[in-house]
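Just below is one structure, and these are the notes that go with it.
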Amino acid sequence: MDIEFDEQELAVKYDEGIDDTLLWEEVVRISGYKVYAYPGEVIFLVFETITGETLEVSDEMSGWLELLGGLRNIFKLSPGWEETLADCEPGGEDITVFAK
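Listed below in structure tokens is the structure:
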């Protein structure tokens with residue numbers, strides 16, 4: 003799976019050629035969480051839109067680091083949000099990264 007994005011939208015490309023997309027302007031909340039997965043932990047970001055739809059991406063997907071670097075150009079995110087997400091406990095509370 004690959005993460006692709008530009009100034010307008012976020013897209014997740016799946017192996018079967020199916021794409022999930024959302025427009026940045028429709029995002030009302032970005033949250034993150036961590037889970038245990040063999041052989042370690044996986045971090046997720048969840049993008050929620052005004053219609054209630056969600057799109058999840060993880061640090062195991064191609065394009066994750068580029069997305070993390072690009073989000074600060076699209077949304078007003080608090081300084082240190084990446085460290086807060088990386089330090090959260092697996093199975094713990096979701097962390098809100100952005101809310102409209």
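In the numbering used here, the protein residues as written are 3 to 102. Where a beta carbon is used, it is the ideal one built from N, C-alpha and C, also for glycine. Small disclaimer: the values here were computed from a predicted structure and weren't measured.
Fewer than three Cβ pairs drawn from the region 35–46 and the region 18–25 lie within less than 8 Å of each other, which leaves the two stretches out of contact. Beyond the five residues adjoining it in sequence on each side, Glu58 comes within less than 6 Å, by CB distance, of Phe46 and Val48 in the same chain, given in chain order. About 17 Å separates the beta carbon of Ile5 from that of Trp83, a gap too long to meet the 8 Å contact definition. Val14 places its beta carbon less than 9 Å from that of Asp21.
Following the DSSP letters along the chain, one finds Leu67 inside the alpha helix (DSSP H) bounded by residues Trp66 to Ile76.
Closest option to Pro92, judged by alpha-carbon separation, among Arg31, Asp17 and Glu43: Glu43. Residue burial is scored here from C-beta neighbours: Val29 has at least 16 other C-beta atoms within 10 angstroms and is therefore classed as buried.
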